[in-house]
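Under full-length UniProt numbering, residues 1 to 143 are what the sequence shown spells out, in order.
Okay, structure first, notes after.
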Amino acid sequence: MRLFIPREHARVDDLNASLEAVLANNGVSPAIQGDVRLIVEELASNAIEHGDLARVEAEEHELCVDIAIREHLLTLEFRESGAPFNPLEQPPPDLDADILDRPTGGLGLHLVRQVSEQATYQRVGNYNVVRLTLRIPTEETGP
């Protein structure tokens, strides 16, 4: 399934609602739905806040999300036309540092990497493409 939203914060909740409906209809657990919500919030927010909209034409100001569920694996692919940016190259935050001494940012991307079984980034033409795979637990494999 492919979903498009304008790159606007107000539309991220719409995207999450659509994805959660698809996941629920496919029997995906609430825990995995929560992981997907975290991923969508983080990657969509980064694309909206940090994408260089001046570089792209108005009709390309969309975020495209593909979702596929196959053999106990859930794949999310995010495609957006912002400035080249590989979120997977961002260093993890120093979780041992005092909260007041930590720089702002980075925790969300760290959590995205933690909940993903596999994560890849490619620059395809004028698009950033991030693909994440999550394992869907079964009764045999457990959570």
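Note that the Cβ used here is the ideal one computed from N, Cα and C, for glycine as well.
Self-check item: Beta carbon of residue 6 nearer than 8 Å to that of residue 49
Solution: no
Quiz item: Sorted by chain position, which residues of the same chain lie with C-beta nearer than 8 Å to residue 1's C-beta, five sequence neighbours on each side aside?
Solution: 22, 66, 67, 68
Practice problem: Could you say if the stretch 120-136 and the stretch 79-88 meet the contact criterion of at least three C-beta pairs nearer than 8 Å? | Solution: yes
Exercise. Name the two residues that bound the continuous alpha helix (DSSP H) containing residue 42.
Key: 30-50
Self-check item: Alpha-carbon spacing of residue 15 relative to residue 3, whole angstroms
Solution: 8 Å
Quiz prompt | C-alpha gap between residue 122 and residue 86, whole angstroms | solution = 8 Å
Quiz item: At what residues does the alpha helix (DSSP H) containing residue 25 begin and finish?
Solution: 12-25
Quiz item: Cα separation between residue 35 and residue 11?
Solution: 19 Å
Practice problem: State the start and end residues of the unbroken beta strand (DSSP E) segment that holds residue 83. | Solution: Per DSSP, residue 83 belongs to no beta strand (DSSP E) and is neither H nor E.
Self-check item: residue 135, enclosing beta strand (DSSP E) - first and last residue
Solution: 127-135
Self-check item: CA nearest to the CA of residue 88, picked from 19, 70, 110
Solution: 110
Quiz item: Secondary structure at residue 92, three-state DSSP: helix, strand or coil?
Solution: coil
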